[in-house]
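Quick note on the UniProt record's numbering: the sequence shown kicks off at 1 and runs consecutively.
Ideal Cβ positions, reconstructed from N, Cα and C, are used throughout, including at glycine.
Computed from a predicted model, the values in this text were never measured in an experiment.
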Amino acid sequence: MYGDGNKTTFVGELFNRFRHQFEAASFLHKVSEKSRRSADGLENLQETLLHEMGVHKKPKLGSTLKGSSIIKQSLHNKRVFLVLDDVDSIEQLDSLAGEGDWFCPGSRIVITTRDAKFLNNQVLDGFKIEKYCINEGEFEGMQGARSNQKQDKVFEEDMVGFVDIFNNVTKQLKENETNLNVISVIGMGGLGKTILIKKIYNNNEVKKLFSYCVWITVSKDYKATELLQILLKGCGLSESTKGKDISEDDQKSKVQKFLEKKKYLIVLDDIWEPEVWAEVECLFPDNNKGSAILITSRNDGVANYTGSKSYFPPLLDEDESWKLFCKKVFKGGECPSVLESIGRLMTEKCRGLPLAIITLAGVVGKKKRLTVEWMRIMRSVIWYLAKDNSKVTKVLKLGLIQAPKTGILDAPELEDIAEEYLNELVMVAKRRSDGGVKSCRIHDLLLDLCISEIRAEKECSTKDQPDPICTLPNLETLIVEEHFHRYKLPHGIWRLKKLRHLEGRLYITSKTVPPDTSGEDCLPNLQTL
């Protein structure tokens, strides 16, 4: 980008709006000036790029050649968004952007310069280059006329089922002018919590309410020090602490003092445990300016701990599911009537989970719009959604709590742990008077994933595709449902040393009972029959 307009401000808006769609992002300001500030100016810029892109251990590079090599090694498999502001030499481009294979396909590099001729003479190997001229006054007009139209279109595209929550949260942010406002959006993985909060965060009407905004993805592997560094950088304080021996308490104090003077909006996306809030709450002063913190989590304990106003997005109903599917497949067009009944059957199998519907739409959208093609997909919807490399599977797997793999646990403790896991896993329909689970349900896709995980560990078999029971050495409970009527126990049942509970209409024959049943090692742990 070149021209006499405010290129840096324009690109900054682009960066803030789209950085969260990439795996890593970096905005390098004043590249020309900083590269000439010292003999190792370009090395320092390379170090900053690596740090901002998530290579947390800042290496001492020693040379720009080594820096280029480390950038390529660290980021070649990531989709990145890189902004190089105020570039004026090919050396700067070679050291910071290199060639197309430095970054994963789909990456974006934005360059600003004061010299249009400089861009005309340069070629970045492996990149498709487009040039834009930003003239004085054009940026403001473009914001007012174009971005609102685009935002409305995107809003309609992705906000199926979320409009009420979107309106309620934005209203809450607009009306609150005094106290610190903490708002939580809680729900299972794939429900669309992050998309919802991102729409609120990027909304122009919301953005102009706050003088400082920052988005922080917390995730499962959370580290308080990393969050603190993100805040320091966002507050513009990272340069003042760089290379200095400043304690963590002093760093926290700097953030607190900066935020004390601001009306701020902070997003903490994907908090897993309430303890995270306990660690970071002190960083956010209640400065009576109407500041706000938006939280997303799968754990309703987070909402309880923060004492925040909470929203629980429901699964989509049948009509909402179909509407979202059509928007993604037909891009605003109509579904051919001959395909509608098949399409609705497909979306029903997603059971209202937005991520599953979007994933399914991606599969369908690549196929020809023929009845035979859609029927083939419809018969295997769950297979398409639960493939090992599917985004749906990855998201749902994150939500599964893994049982301890090592250590010896007494039976009562193990049962307590199992109940705790069940509480986390299921959607509770009814509770007993003591607060325990009386009846529960689980999303079909999550159930399918659970079964596939258990099959892989060979700890149970399923009704429709049973493995031989006797090959399950860790089996503890065997319940045969009524509609099996009478079930003949196999000969090898006596080898299941861990079996504790046996229930159902069962029978044995003389051939089933082994000759040495008097031995103490025959079902030694059986408790109920």
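Measure from the alpha carbon of E503 to the alpha carbon of each residue in T477, S107, E340, T9, then state which is nearest.
T477
Determine, using beta-carbon pairs with one atom in the stretch 197-204 and one in the stretch 297-317, whether at least three such pairs fall under 8 Å.
no
Hey, which unbroken runs of the alpha helix (DSSP H) at 4 residues or more fall wholly within the stretch 65-120?
90-96, 116-120
Just the Cα atoms here: how many angstroms apart are W272 and S63?
40 Å
For V163, count the other beta carbons within 10 Å of its own beta carbon; 16 or more makes it buried, fewer makes it exposed. Which is it?
exposed
Minimum C-alpha distance to G192 - residue among S297, R17, V372
Cα-wise, what sits closest to G192 is S297.
Whole angstroms is fine: what's the gap from D88's alpha carbon to I111's?
10 Å
Segment contact flag, the stretch 167-183 with the stretch 252-259, C-beta cutoff 8 Å, min 3 pairs
no
Go ahead and label E43 buried or exposed: buried means 16 or more other beta carbons lie within 10 angstroms of its beta carbon, across all protein chains shown.
buried
Are there 16 or more other CB atoms within 10 angstroms of the CB of C282, so buried, or fewer, so exposed?
exposed
Could you give the uninterrupted runs of the alpha helix (DSSP H) lying entirely in the stretch 249-320, keeping only those of 4 residues or more?
274-280, 300-306
Straight-line Cα distance separating R37 from E156
Because the pLDDT at E156 is just 45, under 50, the model does not fix this residue reliably, and the value given afterwards should be weighed accordingly. Taking the straight line from one Cα to the other gives about 48 Å.
Going by other Cβ atoms of all chains shown within 10 Å of its Cβ, with 16 needed for buried, is D101 buried or exposed?
D101 counts as exposed, since fewer than 16 other beta carbons sit within 10 angstroms of its beta carbon.
Relative to the alpha-carbon of Q73, which residue among V55, S310, I90, Q172 has its alpha-carbon at the smallest distance?
V55
Going by alpha carbons, who is nearest to E23 out of S35, L82, S32, W374?
L82
How far does the beta strand (DSSP E) with H501 in it extend, from its first residue to its last?
501-503
If the criterion is Cβ atoms closer than 9 Å, does the pair L227 and V280 meet it?
Yes. Within cutoff.
Which residue wins for smallest C-alpha separation from S247, given the options Q229, T359, K34?
Q229
Do the stretch 329-346 and the stretch 360-373 meet, that is, are 3 or more Cβ pairs less than 8 Å apart?
yes
For N16, the nearest candidate out of N176, G106, Y212 (CA to CA)
Y212
Can you find the residues in the same chain that come closer than 8 Å, C-beta to C-beta, to E334, ignoring five residues on each side of it along the sequence?
Cβ neighbours of E334 beyond the five flanking positions: C326.
For E320, which residues in the same chain have their Cβ closer than 6 Å to its Cβ, ignoring the five residues on either side in sequence?
V160, G161
Please state the DSSP three-state secondary structure of Y222.
For Y222, the three-state secondary structure derived from DSSP is coil.
If you drop the 5 nearest sequence neighbours on each side, which residues of the same chain put their C-beta closer than 6 Å to that of K262?
S211, Y212
Along the chain, where does the alpha helix (DSSP H) that runs through T170 open and close?
163-175
Identify the continuous alpha helix (DSSP H) that holds V206 and give its terminal residues.
204-207
Does the Cβ of A39 have 16 or more other Cβ atoms within 10 Å, making it buried, or fewer, making it exposed?
exposed
Can you name, in chain order, every residue of its own chain whose Cβ lies under 8 Å from the Cβ of E33, other than the five neighbours on each side?
D86
Taking 7 Å as the limit between beta carbons, can you name the residues of its chain near N77, skipping five residues before and five after?
Same-chain partners within the cutoff: C104.
Can you tell me the Cα-Cα spacing of K207 and S95, whole angstroms?
35 Å
Do you know offhand how far N474's Cα is from M188's?
30 Å
Helix, strand or coil: how does DSSP classify M427 here?
Unreliable placement is indicated for M427, whose pLDDT of 47 sits below 50; the coordinate value is still reported in the next sentence. Reduced to three states, the DSSP call for M427 is strand.
How many whole angstroms separate the CB atoms of E47 and L61, which I take to be in contact at a CB cut-off of 8 Å?
6 Å
Are there 16 or more other CB atoms within 10 angstroms of the CB of T9, so buried, or fewer, so exposed?
exposed
Could you tell me how far apart the beta carbons of T294 and I216 are, in whole angstroms, since I believe they sit closer than 8 Å?
It is Leu, not Thr, that sits at residue 294 in the sequence shown. The distance from the Cβ of L294 to that of I216 is about 10 Å, inconsistent with a contact at the 8 Å cut-off.
Checking contacts by CB at 9 Å: is S38 closer than that to chain B?
No chain B appears in the structure shown, which is made up of a single protein chain.
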